[in-house]
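A.B. asks: This is the structure I have questions about; it appears just below.
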Amino acid sequence: MAYGTDPRERYSYGEVSDDERREFLKALGVIAGGTIAGATLYDLRAEVSSGTASGLAEMGQGIRDGLTGSLDATLLSNQLGALTASFEQLPELEAMGVPEAGSEAYQSLTGPAWEINEHLADVGFFASAEQTLPSFTPEHIETTTRQLLHLDALPATLAEVGFAEQEQAALVTNIVNAREQLSWWMPTTAYPPAEAVDDGVVREYVAPLHQRAAEGSLLWIDGLDHYLWTNEVLVTSEMIDRGLWDIKSMLGGYYLMGAAARDLAEGTIADEHLSTLISGSSAIMIIGQEFLLDDVIRITDDKRAPAGVISQ
C-alpha cells in the first residue's frame, strides 16, 4: 500500500501495521525488510541504531540547573501510583459508551496528573525544559525517537500502566509518523511579544511548550464528559474506541514525564535520559491531542452516526 499525505494513514491505534513500520523506518533512513505486522519495541530496536546522543546530556543538566524549586519525590511517587488507577478505568469507559448528563467519568482520570502538573509548574520544571530543549525540528524528533527506542527502562515503565508490547511500539512510531503535527507546536519564544502585534496570540500568554503538551492533554480529557453527552446522536462506538487510544496515549505520555521528574527528584536518572523522556513524553501527548481532535471532536458527515442511531 502506498501511503498518501493524510496523517491518519500513518497513525497507529495500539498496533503497528507493517506499512506503518516501514514508514517509521524509512523516515529514520532504514530500508525495511520482511514483514512484521504488530511490531514491538524490541523488533524496532533491532532495526534502528541509537545514533548519536549529541547534546542530550548537556540538555538534561541544563534542565536540572534551571529548576527554581525542589522536586518532591514523595508527592510525585504517590500521584504516579494514583494515576495507574486511571488506566484501569479505560475498559469501563469503553463499555459505558456515551456518558450520562453530569457524569465525571472522563474527568476522574486526570486528578493525579493535575496534582503532578501543579507541582512541576511550581518548581519551574516546564520553564526550565522550555529554555533548554529545542523545538520539534526533524533532527530533534529523530534523535529523541532513536534514544527513546533504546531506553532500557521504557518498556517496563509503560508496562506499569498496562501498555502491551505492541502498544508501546505504537507510541514510539507515532512520534515519527505524526511528525508533521509535532512541527506545528512552537516554543513560546517563537510567538511575537505584545508590543509587536495589534491582535492575535502573543508570547506573554503562551505557556511553555511542554506545559502546553501536558495541560492541553488533561483539559481535552476533562471536557469529554460534556462533549460526548451533548453530541450523543453523532458519536459512534468506533469514535469512542479511537478516542480511548488517544486518551491512553496522552495519559501514558504524562506518566512518562511524571516518572522522569520523580527519578530526577530521587537522583536516579541520567541527564541524557531526562531530556529524552521529557521530549518524548511531550511528543506523545501532543500527538494524542492532535488525533483526539480528528477522531472525536471534529465530527464530519462521513464519520457521524446515522440518523436515529445512538452509540452505547
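Read in order, the letters of the sequence shown correspond to residues 86 to 397 in this note's numbering.
Ideal placement from N, C-alpha and C gives every residue a C-beta, glycine not left out.
How many Å lie between Phe172 and Val282 at the Cα?
C.D. replies: On the sequence shown, position 87 is the one that residue 172 refers to. On the sequence shown, position 197 is the one that residue 282 refers to. C-alpha separation (whole angstroms): 43 Å.
A.B. asks: So, at 7 Å on beta carbons, what are the nonlocal neighbours of Val320 in its own chain, with the 5 sequence-adjacent residues on each side left out?
C.D. replies: Here residue 320 corresponds to residue number 235 of the sequence shown, with the count starting at 1. Within the same chain, Val320 has close Cβ partners Val183, Leu313, Ala390 and Ser396.
A.B. asks: Report the CB separation of Tyr96 from Asn262 in whole angstroms; it is logged as a contact under 8 Å.
C.D. replies: Walking along the sequence shown from the start, residue 96 turns up at place 11. Walking along the sequence shown from the start, residue 262 turns up at place 177. Yes, Tyr96 and Asn262 are in contact; Cβ-Cβ is about 6 Å, under 8 Å.
A.B. asks: According to DSSP, is Met86 helix, strand or coil?
C.D. replies: Taking the sequence shown and counting its residues from 1, one reaches residue 86 at position 1. Summary for Met86: the model assigns pLDDT 31, below 50, so the residue's position carries little reliability, and this model does not support an answer.
A.B. asks: Apply the 10 Å Cβ neighbour rule to Pro197 and answer buried if 16 or more other Cβ atoms are within range, or exposed otherwise.
C.D. replies: Against the sequence shown, residue 197 aligns to sequence position 112. Answer is buried; the Cβ neighbour count reaches 16.
A.B. asks: Kindly indicate which residue of Val381, Leu234, Leu243 and Gln216 has the alpha-carbon position closest to the one of Ala275.
C.D. replies: Translated into positions along the sequence shown, residue 275 becomes position 190. Nearest of Val381, Leu234, Leu243 and Gln216 to Ala275, Cα basis: Gln216.
A.B. asks: Assign Arg95 to one of three DSSP states: helix, strand, or coil.
C.D. replies: Within the sequence shown, residue 95 is the residue found at index 10, counting from 1. Helix, per DSSP.
A.B. asks: Please go through the stretch 147 to 194 and give each complete alpha helix (DSSP H) segment of 4 or more residues, from N-terminal end onward.
C.D. replies: With a minimum length of 4 residues, the continuous alpha helix (DSSP H) runs that stay inside the stretch 147 to 194 are 158 to 173 and 175 to 181.
A.B. asks: Taking only the alpha-carbon atoms, compute the straight-line gap between Asp356 and Ser268 and give it to the nearest angstrom.
C.D. replies: Translated into positions along the sequence shown, residue 356 becomes position 271. Translated into positions along the sequence shown, residue 268 becomes position 183. Counting only the Cα atoms, Ser268 lies some 25 Å from Asp356.
A.B. asks: Check this for me: beta carbons of Ala292 and Gln232, under 7 Å apart or not?
C.D. replies: Position 207 of the sequence shown, counted from the start, is the residue given in the question as residue 292. Position 147 of the sequence shown, counted from the start, is the residue given in the question as residue 232. No, the pair does not count as a contact, with Cβ atoms beyond the cut-off.
A.B. asks: Could you pull out every residue in the same chain whose Cβ sits closer than 8 Å to the Cβ of Ala186, ignoring the five residues on either side in sequence?
C.D. replies: Taking the sequence shown and counting its residues from 1, the one referred to as residue 186 is at position 101. Excluding positions up to five away in sequence, the list reads Trp314.
A.B. asks: Among Ser213, Arg288 and Ile382, which has the Cα closest to the Cα of Ile363?
C.D. replies: Your numbering for residue 363 matches position 278 in the sequence shown. Considering only alpha carbons, the answer is Ser213.
A.B. asks: Does the contact criterion of 3 or more C-beta pairs under 8 Å hold for the stretch 162 to 181 versus the stretch 236 to 246?
C.D. replies: yes
A.B. asks: What's the gap between the Cα of Met271 and the Cα of Ala254?
C.D. replies: Working through the sequence shown from its first residue, we reach residue 271 at position 186. Working through the sequence shown from its first residue, we reach residue 254 at position 169. Rounded to whole angstroms, Met271 to Ala254 spans 26 Å at the Cα level.
A.B. asks: Does the separation of the CB atoms of Ala298 and Ser367 fall below 7 Å?
C.D. replies: In the sequence shown, the residue the question calls residue 298 occupies position 213. In the sequence shown, the residue the question calls residue 367 occupies position 282. Contact: yes.
A.B. asks: For Thr217, does the three-state DSSP call read helix, strand or coil?
C.D. replies: Against the sequence shown, residue 217 aligns to sequence position 132. The answer is helix: DSSP assigns Thr217 an H, G or I state.
A.B. asks: So, under 8 Å CB-CB, Val257 and Thr230 are touching, yes? Tell me the CB distance rounded to an integer number of Å.
C.D. replies: Taking the sequence shown and counting its residues from 1, one reaches residue 257 at position 172. Taking the sequence shown and counting its residues from 1, one reaches residue 230 at position 145. Their Cβ separation, rounded to whole angstroms, is 6 Å, which keeps Val257 and Thr230 in contact under 8 Å.
A.B. asks: With DSSP as the reference, label Val261 as helix, strand or coil.
C.D. replies: To locate residue 261, count along the sequence shown from 1; it is residue 176. Of the three classes helix, strand and coil, the one that applies to Val261 here is helix, per DSSP.
A.B. asks: When the Cα atoms are used, what is the spatial distance from Leu113 to Lys388?
C.D. replies: Within the sequence shown, residue 113 is the residue found at index 28, counting from 1. Within the sequence shown, residue 388 is the residue found at index 303, counting from 1. The C-alpha of Leu113 lies about 33 Å from the C-alpha of Lys388.
A.B. asks: Three-state secondary structure (DSSP) at His225?
C.D. replies: Walking along the sequence shown from the start, residue 225 turns up at place 140. It is helical.
A.B. asks: Cα separation between Asp379 and Thr159?
C.D. replies: Your numbering for residue 379 matches position 294 in the sequence shown. Your numbering for residue 159 matches position 74 in the sequence shown. Spanning the two alpha carbons is a distance of roughly 37 Å.
A.B. asks: Pick from Gly337, Val318, Thr242 and Gly373: whose alpha carbon is nearest that of Trp305?
C.D. replies: The count along the sequence shown starts at 1 and reaches residue 305 at position 220. Among Gly337, Val318, Thr242 and Gly373, the Cα nearest to that of Trp305 belongs to Gly373.
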